[in-house]
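A.B. asks: Once you've had a glance at the structure underneath, I'll fire off some questions.
Protein chains: 4
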Amino acid sequence: MNQIKDKRTAILEAALKLISENGFHGTAMSKVAKEAGVSAGIIYHYFDSKDDLIDDLYRTVKRKSADTVLESYDQSRPLRAQIRQIWEDIFKYCLRHPQEVIFMEQYSTSPYYRAEVEADVSQYFTPIIACFERARQEMIIKDLPQSVIATLTLNVASSLAQKQAAGLINLTDELVERIIDALWEAIRE
Amino acid sequence: MNQIKDKRTAILEAALKLISENGFHGTAMSKVAKEAGVSAGIIYHYFDSKDDLIDDLYRTVKRKSADTVLESYDQSRPLRAQIRQIWEDIFKYCLRHPQEVIFMEQYSTSPYYRAEVEADVSQYFTPIIACFERARQEMIIKDLPQSVIATLTLNVASSLAQKQAAGLINLTDELVERIIDALWEAIRE
Amino acid sequence: MNQIKDKRTAILEAALKLISENGFHGTAMSKVAKEAGVSAGIIYHYFDSKDDLIDDLYRTVKRKSADTVLESYDQSRPLRAQIRQIWEDIFKYCLRHPQEVIFMEQYSTSPYYRAEVEADVSQYFTPIIACFERARQEMIIKDLPQSVIATLTLNVASSLAQKQAAGLINLTDELVERIIDALWEAIRE
Amino acid sequence: MNQIKDKRTAILEAALKLISENGFHGTAMSKVAKEAGVSAGIIYHYFDSKDDLIDDLYRTVKRKSADTVLESYDQSRPLRAQIRQIWEDIFKYCLRHPQEVIFMEQYSTSPYYRAEVEADVSQYFTPIIACFERARQEMIIKDLPQSVIATLTLNVASSLAQKQAAGLINLTDELVERIIDALWEAIRE
DNA sequence: TATGAATGAGAGTTCATTCAT
DNA sequence: CATGAATGAACTCTCATTCAT
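Residue numbers (numbering that gives the first Met the number 0), protein chains in the order written: chain V, 0 to 188; chain A, 0 to 188; chain P, 0 to 188; chain S, 0 to 188.
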């Protein structure tokens, strides 16, 4: 039972590594199998197709990223502190998981990305969305659509993390703090 | 001579349309040829390879987007007005050119994207970069790296335009103004 | 012991059903296992290979069909009556066992079919062959090779049963009688 | 233009040869290509898929067989002579084209065979069907369904030709004549 | 006996690219 | 310049068969 999970996980991890390096097209199933140390055929025991594997990987990565970010989420603190904490954790996650960031960006700008998948995945982030929603209702932050807030949160962080991975920027802790300050100014009422 | 340009342009336009709809992998050269109304072979008269075509398309789209944005750029106005104008024009361009936005996002998150290409392409945006640089020096805006400014400018606009294209948000002129206000609060000193 | 026979039989029955519906190529061993309610591996305990299973199925079906036809065979009746009886029973069998007919037709027109198999299988029909042989010697029927008689007997019946299964003809008892009359006219001296 | 036809024809002929020898499953597209002296990919320029190739081959073989049989068909002769002539030509065709016979038998007992295909193909034999129909109306032959007549005509001939190809019988001209005599006795009024 | 995860060879098919015309 | 038939390597996926449990 544990071994099953391990093999499935090994396949997902191999796919993540190779896709983040070589893209969807550049990642042949046979290479995923080789990287995962399994036979080519067994992948189809766990996944229906390459597309299914990629969709599953996206959901898995998204869930794990949400779990990681939410780990230190403390609803008892003041809202502003909550928001800062979320941002810090998102930045931390993105900077520590460049492969995941690259993969998620590739996925969400590709034809794989569909409303159906997004609907499922956004549920993982419900507490975060709720936090910003409360802040909006309490008029701590501006009355902007969730999508805008999300863009200023996830997209900005992952875009910057991507640039960091590409060596175009050096995101020190201090710089991240200043970026978070700037984002706060953007959304504060 | 004009016909040459036309045929070359037709190929690029066909590639843009198909890639924005079906991705790189889902866009076969034969389909590009068919969409462009030319033979499959002739593409290789104008481009060395599929990769070369895609690289060329990226540079072309980037240049045209820069040209469009810079069209109404007026260096004689106050810096803050210049920045607002740039943002408005970028949003306008992104919202009016969803295919281009989708393609650029796909490209810049794919293995096609290389530092070398980015270096070339960033030159098209020299006046914009210079504008923000002046604002920084005059301490009108915060002392943040260009990459951060660029993220809050191009990435935010194209991410939002993508969401608009996907029907996830309705970016009215008024909302765009409020987003620009927020962005200004983010970077102002 | 009984269970063994049951499992082996279940496999053969599953194979018969699936092959008659989907052909040899369309019938994966894993599907046979599923249909039979056994594991994929156990099939190889009873049969050496897929080919061996199919060969065995052919022999089994052939033997059972011969047994069924010969059940009511009465050597004490006049030869002409014996022949009519045989034909009636063959038609009856074919019309009642469309899966078997379809499978046998597929098998005997495929590369599986070899002289070696046919030699074994034809033994099941020895009494029938002997009956026609006696009729030939007694000059009740024409002096035609056994193969021709067999064609006018088995092939005609199974071809017509196949057409019945495909809905191309409606073989009522009365029509079968008239066909048997016609066949009798064909071979009578 | 001629070359196109030649290459397409070469593929069909290679498929016919290999399928008649090794069956559908035993005939890989790559082997068809090799046998035809073309590349593997070009087959898909002429045919949508392996199934499409096989369907096309069936229709082609059926049409050519009908054309060959109908070549010497003379509607001005007496009906009985017409029928004998048809039978003789069918036997002649089957005995001279064992590959075609084996292929057609395989096809018509396989899941490839569908009512839709049969409907198309039966049109090639319209004159023959009409001939038997006239004979039936003029009460020269028994009042049996077309399917029965067809079975006694095509199926008997191809079954016997298959046995000849397998070396199970030696169909001399004289024997064929006697079989035709027998068939005539079967259907004559 | 029995399971079913695992293997890996090989299938059908696609498509970037070439080249005779 | 232009065509599109042709190539063949590489891909995704299947499945007969094996074997640790």
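For each residue, glycine too, the CB sits at the ideal point set by N, CA and C.
Hey, is Ala-158 of chain A's beta-carbon within less than 8 Å of any beta-carbon in chain V?
C.D. replies: Here residue 158 of chain A is taken as the residue at index 159 of the second sequence, counted from 1. According to the sequence as given, residue 158 of chain A is Ser; it is not Ala. It does: the Cβ of Ser-158 of chain A has a partner Cβ on chain V nearer than 8 Å.
A.B. asks: Is there a Cβ of chain A sitting closer than 8 Å to that of Leu-69 of chain V, yes or no?
C.D. replies: Working through the first sequence from its first residue, we reach residue 69 of chain V at position 70. Cβ-Cβ to chain A under 8 Å: no for Leu-69 of chain V.
A.B. asks: Pairs of beta-carbons, one from the segment 167–184 of chain V and one from the segment 167–177 of chain A, closer than 8 Å: are there three or more?
C.D. replies: With a cut-off of 8 Å, the segment 167–177 of chain A and the segment 167–184 of chain V do not count as touching, because too few Cβ pairs lie within range.
A.B. asks: What did DSSP end up calling Ile-140 of chain A once you bin it into helix, strand or coil?
C.D. replies: On the second sequence, residue 140 of chain A is found 141 positions in, with the first residue counted as 1. Correct three-state label for Ile-140 of chain A: strand.
A.B. asks: In whole angstroms, what separates the C-alpha of Ile-82 of chain P from that of Cys-130 of chain P?
C.D. replies: Position 83 of the third sequence, counted from the first residue, corresponds to residue 82 of chain P. Position 131 of the third sequence, counted from the first residue, corresponds to residue 130 of chain P. Rounded to whole angstroms, Ile-82 of chain P to Cys-130 of chain P spans 7 Å at the Cα level.
A.B. asks: Counting only C-beta atoms, is Leu-94 of chain A closer than 8 Å to chain V at any point?
C.D. replies: Looking up residue 94 of chain A in the second sequence gives position 95. Not one chain V Cβ lies under 8 Å of Leu-94 of chain A.
A.B. asks: List, in order along the chain, the chain P residues whose C-beta lies closer than 7 Å to that of Pro-110 of chain S?
C.D. replies: Taking the first residue of the fourth sequence as position 1, residue 110 of chain S is located at position 111. Correct list: Asn-21, Gly-22 and Gly-25.
A.B. asks: Measuring only the C-alpha atoms, how far is Leu-151 of chain A from Ala-35 of chain V?
C.D. replies: Working through the second sequence from its first residue, we reach residue 151 of chain A at position 152. Working through the first sequence from its first residue, we reach residue 35 of chain V at position 36. Cα to Cα, the separation comes out at about 38 Å.
A.B. asks: What would DSSP say about Arg-76 of chain S, mapped onto helix, strand or coil?
C.D. replies: As a working mapping, residue 76 of chain S is identified with position 77 in the fourth sequence. It is coil, neither helix nor strand.
A.B. asks: In this structure, how does DSSP classify Arg-113 of chain A when only helix, strand and coil are distinguished?
C.D. replies: Within the second sequence, the letter at position 114 stands for residue 113 of chain A. Coil, per DSSP.
A.B. asks: Going along the chain, which unbroken runs of the beta strand (DSSP E) with 3 or more residues stay wholly within the segment 4–68 of chain A?
C.D. replies: With a minimum length of 3 residues, no continuous beta strand (DSSP E) run stays inside the segment 4–68 of chain A.
A.B. asks: Is Arg-135 of chain P buried or exposed, if buried means 16 or more other CB atoms sit within 10 Å of its CB?
C.D. replies: The count along the third sequence starts at 1 and reaches residue 135 of chain P at position 136. Answer is buried; the Cβ neighbour count reaches 16.
A.B. asks: In the structure shown, what three-state DSSP assignment does Ile-178 of chain S receive?
C.D. replies: Locating residue 178 of chain S in the fourth sequence gives position 179, where the first residue counts as 1. It is helical.
A.B. asks: Which partner residues of Arg-187 of chain S appear in the DSSP bridge assignment?
C.D. replies: Taking the first residue of the fourth sequence as 1, we reach residue 187 of chain S at position 188. According to DSSP, Arg-187 of chain S bridges with S:Ile-140.
A.B. asks: Assign Arg-95 of chain V to one of three DSSP states: helix, strand, or coil.
C.D. replies: The sequence position of residue 95 of chain V within the first sequence is 96, counting from 1. Helix at Arg-95 of chain V.
A.B. asks: So the candidates are A:Ala-165, A:Asp-55 and A:Thr-108; which of them puts its Cα closest to the Cα of Ala-164 of chain V?
C.D. replies: As a working note, residue 164 of chain V is residue 165 in the first sequence. The shortest C-alpha separation from Ala-164 of chain V is found at A:Thr-108.
A.B. asks: Consult DSSP for Ile-82 of chain V and reduce its assignment to one of helix, strand or coil.
C.D. replies: Counting from one through the first sequence, the residue named residue 82 of chain V turns up at place 83. Helix, per DSSP.
A.B. asks: Can you list, in chain order, the residues of its chain whose CB lies under 7 Å from that of Ile-128 of chain S, leaving out five sequence neighbours each side?
C.D. replies: Start at 1 with the first residue of the fourth sequence, and residue 128 of chain S comes out as number 129. Result list for Ile-128 of chain S: Gln-145, in chain order.
A.B. asks: Drop a sphere of 10 angstroms on the beta-carbon of Asp-66 of chain A, count the other beta-carbons inside from all chains shown, and report buried for 16 or more, exposed for fewer.
C.D. replies: By one-based count along the second sequence, residue 66 of chain A stands at place 67. Under this definition Asp-66 of chain A is an exposed residue.
A.B. asks: Tell me the start and end of each unbroken alpha helix (DSSP H) in the segment 142–173 of chain P that is at least 4 residues and wholly inside, in chain order.
C.D. replies: If we require 4 residues or more, the alpha helix (DSSP H) runs fully inside the segment 142–173 of chain P come out as 145–149 and 155–164.
A.B. asks: Out of P:Ile-168, P:Ala-185, P:Ile-140 and P:Thr-171, state which residue places its alpha-carbon closest to the alpha-carbon of Val-155 of chain S.
C.D. replies: Counting from 1 along the fourth sequence, the entry for residue 155 of chain S is found at position 156. Taking only the C-alpha atoms, the option nearest Val-155 of chain S is P:Ala-185.
A.B. asks: Going by the CB atoms, is the gap between Val-37 of chain P and Lys-6 of chain P shorter than 8 Å?
C.D. replies: Here residue 6 of chain P corresponds to residue number 7 of the third sequence, with the count starting at 1. Here residue 37 of chain P corresponds to residue number 38 of the third sequence, with the count starting at 1. A contact, by the Cβ cut-off of 8 Å.
A.B. asks: Could you tell me whether the Cβ of Ala-181 of chain P comes closer than 8 Å to any Cβ of chain S?
C.D. replies: Counting from one through the third sequence, the residue named residue 181 of chain P turns up at place 182. Ala-181 of chain P counts as touching chain S.
A.B. asks: Assign Thr-125 of chain V to one of three DSSP states: helix, strand, or coil.
C.D. replies: Stepping through the first sequence from its first residue, residue 125 of chain V is reached at position 126. Helix, per DSSP.
A.B. asks: On a Cα-Cα basis, can you pick out the residue from V:Phe-102, V:Arg-79 and V:Gln-84 that is closest to Glu-12 of chain V?
C.D. replies: Here residue 12 of chain V refers to the residue found at position 13 of the first sequence. Ranking V:Phe-102, V:Arg-79 and V:Gln-84 by Cα distance to Glu-12 of chain V puts V:Phe-102 first.
A.B. asks: Residues of chain P with a CB under 7 Å from the CB of Arg-58 of chain S: which are they?
C.D. replies: Sequence index remark: in the fourth sequence, residue 58 of chain S carries index 59 (1-based). In chain order: nothing, as chain P lies at least about 18 Å away.
A.B. asks: In this structure, does DSSP put Tyr-71 of chain A in helix, strand or coil?
C.D. replies: For the purposes of this step, residue 71 of chain A is taken as the residue at position 72 of the second sequence. As written in the sequence, residue 71 of chain A is Ser, which differs from the Tyr given in the question. Reduced to three states, the DSSP call for Ser-71 of chain A is coil.
A.B. asks: Check the C-beta distance from Ala-160 of chain P over to Leu-69 of chain P and give it rounded, since I have them as a contact under 8 Å.
C.D. replies: Locating residue 160 of chain P in the third sequence gives position 161, counting from the first residue. Locating residue 69 of chain P in the third sequence gives position 70, counting from the first residue. The pair is not a contact, with the Cβ atoms about 18 Å apart (cut-off 8 Å).
A.B. asks: Measuring straight from C-alpha to C-alpha, what distance separates Met-0 of chain V and Asp-172 of chain V?
C.D. replies: If you number the first sequence from 1, residue 0 of chain V lands on position 1. If you number the first sequence from 1, residue 172 of chain V lands on position 173. Reliability of the predicted coordinates at Met-0 of chain V is poor, the pLDDT of 40 falling under 50, and no value is obtained from them.
A.B. asks: Establish whether the CB of Ala-185 of chain V and some CB of chain A are separated by less than 8 Å.
C.D. replies: Position 186 of the first sequence, counting from 1, holds the residue named residue 185 of chain V. So yes, Ala-185 of chain V belongs to the interface.
A.B. asks: What's the C-alpha gap between Gly-25 of chain A and Pro-110 of chain V?
C.D. replies: Position 26 of the second sequence, counted from the start, is the residue given in the question as residue 25 of chain A. Position 111 of the first sequence, counted from the start, is the residue given in the question as residue 110 of chain V. Straight-line Cα distance between these residues: approximately 9 Å.
A.B. asks: Would Ile-53 of chain A pass as a contact of Val-31 of chain A if the rule is Cβ separation under 8 Å?
C.D. replies: Stepping through the second sequence from its first residue, residue 53 of chain A is reached at position 54. Stepping through the second sequence from its first residue, residue 31 of chain A is reached at position 32. In this structure, Val-31 of chain A does not lie closer than 8 Å to Ile-53 of chain A by Cβ.
A.B. asks: Looking at chain A, is there any beta carbon in it that lies within less than 8 Å of the beta carbon of Lys-16 of chain V?
C.D. replies: For this step, residue 16 of chain V is matched to residue 17 along the first sequence. Closer than 8 Å: no.
A.B. asks: What does the alpha-carbon distance come out to for the pair Ala-14 of chain A and Leu-56 of chain A?
C.D. replies: As a working mapping, residue 14 of chain A is identified with position 15 in the second sequence. As a working mapping, residue 56 of chain A is identified with position 57 in the second sequence. Computed Cα separation, rounded: 8 Å.
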